[in-house]
Each structure stands twice: as structure tokens, then as C-alpha cells.
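Everything in the sequence shown is counted per the working numbering, starting at 40 for the first residue and increasing by one. Reviewing the structure listed below.
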Amino acid sequence: MSNVNKSALVNYSSQEMYQLVTNIDDYQNFLPWCNGSKIAKDENGVVEATVEIAHGSLKKSFTTQNVNTPNEKIV
């Protein structure tokens, strides 16, 4: 499994960003390239989800497994 590490400085609190990123079921409502998303597992702070992307003729999906610390970090 590949690892992706991303950081950025934004004008939002860690709580606001945490709520945005963990709102997986609504990704298709605010990410124009997202064709769908589904949480497969959500247990004890470990979340596994699949995101479907569609952009032009590109159609792919990927699955992530993250360990969430509420309002603090996602690893």
C-alpha cells in the first residue's frame, strides 16, 4: 500500500479541517472530481473508505485506511 503525506497551512481551525476531511459521505457534494465515496469500516478511530474519482475519461477508485484522533489529526 502506498503512503501519502500532505500538509498545508490554511485559515481554518484543526476542528474545522478535521470535520471536513472526515465527512467522507459528502465528498461528492464539494469535490467536483468525486463520483462517490463509501465508508467500509469505522471502528475505534480506524476508518477505511473508498473514493471514486471521475474526470473526463479517467475513472478510478482508491481505498484508504486512516487512524483518526478527533479534532486533532488523521494518520
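Idealized CB from N, CA, C, for every residue including glycine.
Any non-hydrogen atom of the ligand ZN closer than 8 Å to S46 Cβ: As for the ligand ZN, it is missing from this structure, which has no ligand bound.
Can you tell me which of the three DSSP states E111 falls into? coil
Could you tell me if Y51 is buried or exposed, where buried requires 16 or more neighbouring beta carbons within 10 angstroms of its beta carbon? exposed
S100: buried (16+ other C-beta within 10 angstroms of its C-beta) or exposed? exposed
From V85 to Q104, what distance separates their C-alpha atoms? Cα to Cα, the separation comes out at about 7 Å.
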